[in-house]
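Asker: The sequence shown begins at 550 in our numbering and counts up by one. Before we start, here is the structure in question, set down as structure tokens.
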Amino acid sequence: MKFWFIILSFALSIANIFAQEIDLGVKGVIFKIGPVIPFETYKASYSISLGPELGRIGNNFEPGVDVTYWKVKYDYYGRKDNPNDDIKRRYIGVNFSFFVHPIKEALEFNPYVGLGLALNFYKKDYPEGWPDKDKNLTNLEPHIDLGGKIGLYSNIDGELHLRLTLSEIDNLLLLLGVRFGLEK
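Below, the structure is given as structure tokens:
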């Protein structure tokens with residue numbers, strides 16, 4: 550009985566989403582930049598992200614997609630004088646997210662929370678002469694999003710975006726972005 554109640558609740562929630570006004574399509578372009586903070590021995594670095602704004606489903610739901618790049622390094626020997634002995638990791642991720650805007654009222658700052666999956670491509674570069682060979686890895690990994698948007702000009706919005714990725718290298722992205730709207 551409990552199982553069927555959960556299934557029915559889920560089905561009604563999905564039906565409610567699709568009963569709302571759907572306004573999907575490329576509505577703008579979002580560019581973000583900021584630090585990536587790995588939770589391992591790698592040093593923090595910077596990341597860039599670029600993606601389209603895809604519109605909304607109703608007032609509260611928004612799909613998202615972006616491509617993110619970052620590169621971090623780890624000084625294995627702890628010698629600052631030789632940057633050629635660092636282990637380097639490069640990352641390119643195609644992120645798919647679903648955001649919920651919990652506040653319906655029109656505010657200057659529009660907060661959101663989200664969940665998503667990313668198809669992440671990693672490359673691990675070892676120093677020359679290292680016994681291990683360079684490695685490539687592709688993973689499907691989850692992330693949690695938190696942030697908000699604020700209107701700056703007629704078709705330009707600012708954005709603060711935090712993304713916690715549970716991955717090959719667990720990390721936190723702190724991104725500042727700008728959205729350029731394509732609507733007239």
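For glycine and all other residues, C-beta sits at the position ideal for the given N, C-alpha and C.
#1: Express the C-alpha separation of Pro-584 and Tyr-591 in angstroms, rounding to a whole number.
#2: Whole angstroms is fine: what's the gap from Lys-622's alpha carbon to Asn-720's?
#3: Leaving out the 5 sequence neighbours to the left and right, which residues in its chain are closer than 6 angstroms to Asp-624 when beta-carbon positions are compared?
#4: Do Pro-612 and Phe-580 come within 8 angstroms of each other at the CB atom, strictly closer than that value?
#5: Would you mind working out which of His-692, Ile-718, Thr-617 sits nearest Glu-589, comparing C-alpha positions?
#6: Let's test the definition: count the other Cβ atoms within 10 Å of the Cβ of Glu-677 and tell me whether it reaches 16, buried, or not, exposed.
#7: If I'm right that Ser-594 touches Leu-722 with Cβ under 8 angstroms, what's the distance once you round it to whole angstroms?
#8: Under the assumption that Leu-573 contacts Leu-599 (Cβ atoms under 8 angstroms), give the Cβ distance between them as a whole number of angstroms.
#9: Can you tell me the Cα-Cα spacing of Pro-680 and Leu-666, whole angstroms?
#10: Between which residues of its own chain and Tyr-618 is the CB-CB distance below 6 angstroms, once the five residues before and five after are set aside?
#11: With a CB to CB cut of under 6 angstroms and the five nearest residues on each side skipped, what residues in its chain are close to Phe-658?
#12: Going along the chain, which unbroken runs of the beta strand (DSSP E) with 3 or more residues stay wholly within the segment 560–617?
#13: Could you give the distance in angstroms between the alpha-carbon of Lys-620 and the alpha-carbon of Pro-660?
#14: If you drop the 5 nearest sequence neighbours on each side, which residues of the same chain put their C-beta closer than 6 angstroms to that of Val-575?
#15: Within the same chain, show all residues whose beta-carbon is closer than 6 angstroms to that of Phe-645, passing over the 5 residues directly before and after it, in chain order.
#16: Just to confirm, are Tyr-724 and Ile-586 a CB contact at a threshold of 8 angstroms?
#17: Residues in its own chain within less than 7 angstroms of His-710 by CB, not counting five upstream and five downstream?
#18: Would you call Asn-685 buried or exposed, if buried means 16 or more other Cβ atoms sit within 10 Å of its Cβ?
Answerer: For this structure:
#1: 13 angstroms
#2: 13 angstroms
#3: Asp-635
#4: no
#5: Ile-718
#6: exposed
#7: Ser-594 to Leu-722, Cβ: 11 angstroms. No contact.
#8: Their Cβ separation, rounded to whole angstroms, is 19 angstroms, which puts Leu-573 and Leu-599 out of contact at 8 angstroms.
#9: 34 angstroms
#10: Ile-597, Ile-641
#11: Gly-697, Ile-699
#12: 571–587, 594–606
#13: 29 angstroms
#14: Pro-601
#15: Val-614, Gly-665, Leu-666
#16: A quick correction: the sequence has Leu, not Tyr, at residue 724. Cβ atoms of Leu-724 and Ile-586: not closer than 8 angstroms.
#17: Lys-581, Asp-694, Gly-696, Leu-724, Gly-726
#18: exposed
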